[in-house]
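Peer 1: Structure below; questions to follow.
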Ligand SMILES: CC1=[NH+][C@H]2[C@@H](O1)O[C@H](CO)[C@@H](O)[C@@H]2O
């Protein structure tokens with residue numbers, strides 16, 4: 002059991018023991034789910050929809066009373082059982098148990114999210130052909146013997162899409178959400194605004210999206226989300242148990258807003274739209290009251306559209322804002338966010354100002370001396386780890402791979418995997434780390450194929466760092482499990498970088 006599971010599943014589960022025997026999905030298999038939870042029912046429907054095309058089996062979803070079927074032995078012959086219950090409090094909000102016998106695979110959890118994560122593991126225990134959208138005749142849909150008890154190391158396991166440099170459509174974002182769900186990522190950070198584009202419609206300031214969103218890097222057609230588009234993304238993310246974190250970057254990275262509304266500029270003159278890739282040249286006008294009326298209007302609308310607890314205020318590279326003005330800006334924008342009931346996240350430069358109680362910073366440095374981050378952490382400002390020379394998916398893999406940048410160095414698959422979020426910053430209390438996030442900046446990224454090439458195979462490694470126990474961290478074991486993902490990505494149409502570091506199947 003441990004050998005099979007340990008050679009296949011990413012993120013590697015916390016604990017694997019011998020189960021009660023292998024299980025085969027057959028024409029008579031049903032998906033049984035605890036009656037009474039709409040969310041659990043949706044997970045069952047999702048699981049059945051995943052397995053029907055390749056197996057060609059009906060896989061009916063059968064609600065059953067709580068408790069009656071939690072023991073696999075009690076299940077009808079050939080059941081995939083999704084059992085919601087509170088039998089194992091140690092599973093927390095996202096953990097699950099997965100046990101096989103010849104009669105059933107039972108996934109039990111305290112929450113629908115836990116069931117969903119168990120389904121992702123079940124997927125990876127089945128042959129890669131299970132991902133096919135057309136029937137695979139003659140395949141044996143065998144689940145290997147396993148008794149898995151799995152819980153995440155960190156609660157915040159994120160990925161970021163920069164939809165500002167190059168706009169990505171709702172369909173492109175939903176496609177990425179499905180890819181993230183396979184690796185138990187639970188947070189999608191959308192970098193909605195930057196110099197080159199404003200991507201979310203704001204009712205009280207329509208020019209932001211209409212004009213500020215009308216182009217992008219390289220002068221393309223740009224684009225933006227209506228508020229219904231954004232609601233659709235949020236709903237789709239929630240259906241895969243991801244929380245959306247919207248980012249309204251400032252005071253810099255704001256040329257699209259400055260170009261849209263002259264009064265946001267200190268000299269009252271709107272700059273032209275910007276289609277290059279420089280950073281740090283723009284700044285909202287910190288002394289002007291209009292700036293905070295603007296921020297209040299924007300943040301109020303974005304917060305109302307966002308069910309999740311977080312709102313990201315950016316704060317990176319304010320090279321055209323004085324240090325004093327930067328502090329003033331942060332002192333004024335954070336209360337606007339908390340007034341909307343949201344928790345502030347900022348890039349770690351926020352630590353040079355006054356992070357409000359409960360705020361988190363997202364670390365994107367490369368681990369020099371990070372005294373400001375360590376000091377703020379000692380005062381309660383927790384850290385989301387996104388070191389640019391490990392977690393930035395827009396970094397080139399090597400000097401010869403075609404896409405991305407290399408200002409933080411070349412980041413190949415092993416570099417991206419072989420680090421520990423808890424110890425990357427010297428002196429940072431381990432408890433200060435809230436989790437990890439893999440940003441994908443899109444200066445050079447336009448298409449689904451570009452996204453896939455940069456995210457795969459590195460995104461699963463960041464997901465494993467966020468989910469699996471530190472003790473399970475081992476490149477030589479991981480690269481074997483990663484190789485087993487290759488055929489799965491091929492079935493899923495994910496065009497990944499076939500790194501020479503991995504012996505792809
Ligand atoms: C937080 C942060 N600010 C910069 C930096 O990361 O590098 C990115 C490219 O790697 C760039 O797109 C972004 O604007």
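Residue numbers (our numbering): 2 to 506.
All C-beta atoms, glycine included, are put in the ideal place defined by N, C-alpha and C.
#1: Once the 5 residues before and after residue 283 are set aside, which same chain residues still bring their CB inside 7 angstroms of it?
#2: My understanding is that residue 276 touches residue 220, with C-beta atoms under 8 angstroms, so please give their C-beta distance in whole angstroms.
#3: Is any heavy atom in ligand 1 found nearer than 7 angstroms to the beta carbon of residue 393?
#4: Assess, as a yes-or-no matter, whether the stretch 201 to 210 is touched by the stretch 482 to 494 under the definition of 3 or more beta carbon pairs within less than 8 angstroms.
#5: Please find out if some non-hydrogen atom of ligand 1 comes closer than 7 angstroms to the beta-carbon of residue 254.
#6: Let me make sure I understand the geometry here. Which of 235, 342, 168 has the alpha-carbon closest to that of residue 1?
#7: Just curious, the beta strand (DSSP E) that residue 406 is in, first and last residue?
#8: Among the candidates 249, 369, 383, 341, whose CA atom is the shortest distance from the CA of residue 356?
#9: Roughly how many whole angstroms lie between the Cα atoms of residue 58 and residue 128?
#10: Can you grab the Cα-Cα spacing for the pair residue 439 / residue 248, in whole Å?
#11: Between the C-alpha atoms of residue 477 and residue 133, what's the straight-line distance to the nearest angstrom?
#12: Confirm the yes/no value for this check: CB of residue 40, any heavy atom of ligand 1, distance under 7 angstroms.
#13: Give me the Cβ distance between residue 158 and residue 467, rounded to the nearest whole Å; I'm assuming they're in contact under 8 angstroms.
#14: Measure from the alpha carbon of residue 200 to the alpha carbon of each residue in 165, 324, 182, then state which is nearest.
#15: On the DSSP bridge list, what partners appear for residue 348?
#16: Which residue marks the beginning of the beta strand (DSSP E) containing residue 159, and which one marks its end?
#17: If you check the beta carbons only, do residue 217 and residue 225 fall under 8 angstroms apart?
#18: Based on the DSSP output, what are the partners of residue 192 in its beta bridges?
#19: Is it right to say residue 170 is buried, meaning 16 or more other beta carbons lie within 10 angstroms of its own, or is it exposed?
#20: Quick one: Cα of residue 89 to Cα of residue 115, how far?
#21: CA-CA distance, residue 326 and residue 479?
#22: Run the CB neighbour count on residue 408, radius 10 Å, all protein chains shown included, and call it buried at 16 or more, exposed below.
#23: Can you tell me whether residue 1 is helix, strand or coil according to DSSP?
#24: Quick one: grab the DSSP three-state call for residue 71.
#25: Would residue 412 pass as a contact of residue 391 if the rule is Cβ separation under 8 angstroms?
#26: For ligand 1, is there any heavy atom lying closer than 7 angstroms to the beta carbon of residue 248?
#27: Does the distance from the C-beta atom of residue 146 to that of residue 20 stay below 8 angstroms?
#28: Considering only their Cβ atoms, is the gap separating residue 419 from residue 405 smaller than 8 angstroms?
#29: Whole angstroms are fine: how far does the CA of residue 64 sit from the CA of residue 72?
Peer 2: Considering the structure as presented:
#1: As a first step, residue 283 must be located in the chain shown, where it is residue number 282. These residues qualify, in order along the chain: 196, 253, 254, 255, 256, 259, 321.
#2: By 1-based counting over the chain shown, the position of residue 276 is 275. By 1-based counting over the chain shown, the position of residue 220 is 219. Going by Cβ atoms, the distance from residue 276 to residue 220 rounds to 4 angstroms, so yes, they are a contact pair.
#3: To locate residue 393, count along the chain shown from 1; it is residue 392. Because some heavy atom of ligand 1 lies under 7 angstroms away, the Cβ of residue 393 counts as near it: yes.
#4: Counting Cβ pairs under 8 angstroms, fewer than three are found: no touch.
#5: Numbered from its first residue, the chain shown carries residue 254 at position 253. Because some heavy atom of ligand 1 lies under 7 angstroms away, the Cβ of residue 254 counts as near it: yes.
#6: Residue 1 lies beyond the stretch modelled for the chain, which goes from 2 to 506, so this question has no answer here.
#7: Within the chain shown, numbered from 1, the residue matching residue 406 stands at position 405. Careful: residue 406 lies outside any beta strand (DSSP E) and carries neither H nor E.
#8: Here residue 356 refers to the residue found at position 355 of the chain shown. With distances taken between Cα atoms, residue 356 lies closest to 383.
#9: On the chain shown, residue 58 is found 57 positions in, with the first residue counted as 1. On the chain shown, residue 128 is found 127 positions in, with the first residue counted as 1. When only Cα atoms are considered, residue 58 and residue 128 end up about 16 angstroms apart.
#10: Along the chain shown, read from residue 1 onward, the residue named residue 439 stands at position 438. Along the chain shown, read from residue 1 onward, the residue named residue 248 stands at position 247. Taking the straight line from one Cα to the other gives about 15 angstroms.
#11: Counting from one through the chain shown, the residue named residue 477 turns up at place 476. Counting from one through the chain shown, the residue named residue 133 turns up at place 132. Distance between the alpha carbons of residue 477 and residue 133 is about 29 angstroms.
#12: Looking up residue 40 in the chain shown gives position 39. Not under cutoff, so the answer is no.
#13: Within the chain shown, the letter at position 157 stands for residue 158. Within the chain shown, the letter at position 466 stands for residue 467. Right, their Cβ atoms sit about 3 angstroms apart.
#14: Here residue 200 is taken as the residue at index 199 of the chain shown, counted from 1. Answer by Cα proximity: 165.
#15: Sequence index remark: in the chain shown, residue 348 carries index 347 (1-based). Answer is 363, bridged to residue 348.
#16: On the chain shown, position 158 is the one that residue 159 refers to. Per DSSP, residue 159 belongs to the beta strand (DSSP E) from 157 to 163.
#17: Your numbering for residue 217 matches position 216 in the chain shown. Your numbering for residue 225 matches position 224 in the chain shown. No, the Cβ-Cβ distance between residue 217 and residue 225 is not below 8 angstroms.
#18: For the purposes of this step, residue 192 is taken as the residue at position 191 of the chain shown. Per DSSP, 163, 248.
#19: Residue numbering aside, residue 170 sits at position 169 when the chain shown is read from its first letter. Exposed: under 16 other Cβ atoms inside 10 Å.
#20: Translated into the one-based positions of the chain shown, residue 89 becomes position 88. Translated into the one-based positions of the chain shown, residue 115 becomes position 114. Straight-line measurement puts the Cα of residue 115 at about 12 angstroms from the Cα of residue 89.
#21: Position 325 of the chain shown, counted from the start, is the residue given in the question as residue 326. Position 478 of the chain shown, counted from the start, is the residue given in the question as residue 479. A direct Cα-Cα distance of roughly 46 angstroms separates residue 326 from residue 479.
#22: The sequence position of residue 408 within the chain shown is 407, counting from 1. With fewer than 16 Cβ atoms within 10 Å of its Cβ, residue 408 is classed as exposed.
#23: In the structure as shown, the chain starts at 2 and stops at 506, and residue 1 therefore has no counterpart that could be examined.
#24: Numbered from 1 along the chain shown, position 70 holds the residue referred to as residue 71. Since pLDDT at residue 71 reaches only 47, below the 50 mark, its modelled position is unreliable, and the value read off the structure follows with that caveat. It is coil, neither helix nor strand.
#25: Position 411 of the chain shown holds residue 412. Position 390 of the chain shown holds residue 391. Yes; because the gap between Cβ atoms is below 8 angstroms, this pair is in contact.
#26: As a first step, residue 248 must be located in the chain shown, where it is residue number 247. Checking every heavy atom of ligand 1 against the Cβ of residue 248, none is found closer than 7 angstroms.
#27: If you number the chain shown from 1, residue 146 lands on position 145. If you number the chain shown from 1, residue 20 lands on position 19. Going by C-beta atoms, residue 146 is nearer than 8 angstroms to residue 20.
#28: Within the chain shown, the letter at position 404 stands for residue 405. Within the chain shown, the letter at position 418 stands for residue 419. No, Cβ-Cβ distance for residue 405 and residue 419 is not below 8 angstroms.
#29: Here residue 72 is taken as the residue at index 71 of the chain shown, counted from 1. Here residue 64 is taken as the residue at index 63 of the chain shown, counted from 1. Residue placement at residue 72 is flagged as unreliable, the pLDDT there being 47, under the threshold of 50; a coordinate-derived value is accordingly withheld.
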